[in-house]
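Each residue of the sequence shown is one higher than the last, beginning at 1 in the UniProt record's numbering. Worksheet: one structure, shown below.
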Amino acid sequence: MYTFKKEERLCNKRLLEKLFHKGSSFLCYPYRVSWIMAEAEQPVPVQVVFPVPKKRYKHAVDRNLIRRRMREAYRLHKQQNLYSFLNEANIKLSLSLSYIGKEIEPYPVMEKKMLKLFVQLCDLVANEKPQPIN
């Protein structure tokens, strides 16, 4: 239940390119969320990537710390706040959670914002329901 497996990571360059060029996005500071409906063959409800800009955070240890905190908040709350909604609606997503904050936030703040982001994303997906792009 509280896992984050390889299948859940978005690694496909073609899908990443499609996500950033044709996907929808919104801000939920300190995150910028890009999402797109995925093909039905996807093994899990959401495939996600956690980019942290090298331009803003020069040191790899800082980028890794932010990425670890984001992954942990996502891993703990995805099932009840995101997967349950998507499984009910039979929707599959490709998702990018980019960190755009100016400073490294403490974990409780990142977790709280992640929960807010899930609510916002579910509302957008429910209201929009675009056709999947193959």
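By construction, the Cβ of each residue, glycine as well, lies at the ideal position given by its N, Cα and C atoms.
Nearest residue (CA-CA) to residue i, options the options
| i | options | result |
| --- | --- | --- |
| residue 41 | 78, 54, 92 | 92 |
| residue 118 | 54, 53, 19, 75 | 75 |
| residue 81 | 113, 20, 5, 22 | 113 |
| residue 73 | 60, 19, 105 | 105 |
| residue 58 | 102, 29, 71, 5 | 102 |
| residue 95 | 7, 23, 4 | 23 |
Length of the line joining the Cα atoms of residue i and residue j
| i | j | result |
| --- | --- | --- |
| residue 13 | residue 120 | 26 Å |
| residue 34 | residue 97 | 7 Å |
| residue 26 | residue 32 | 6 Å |
| residue 135 | residue 107 | Any question about residue 135 goes unanswered here, given that the chain covers just 1 to 134. |
| residue 128 | residue 68 | 31 Å |
Proximity below 8 Å, CB of residue i to CB of residue j
| i | j | result |
| --- | --- | --- |
| residue 16 | residue 49 | yes |
| residue 52 | residue 99 | yes |
Strand pairing of residue i, partner residues [DSSP]
| i | result |
| --- | --- |
| residue 122 | According to DSSP, which records beta bridges pairwise, residue 122 is partnered with nothing at all. |
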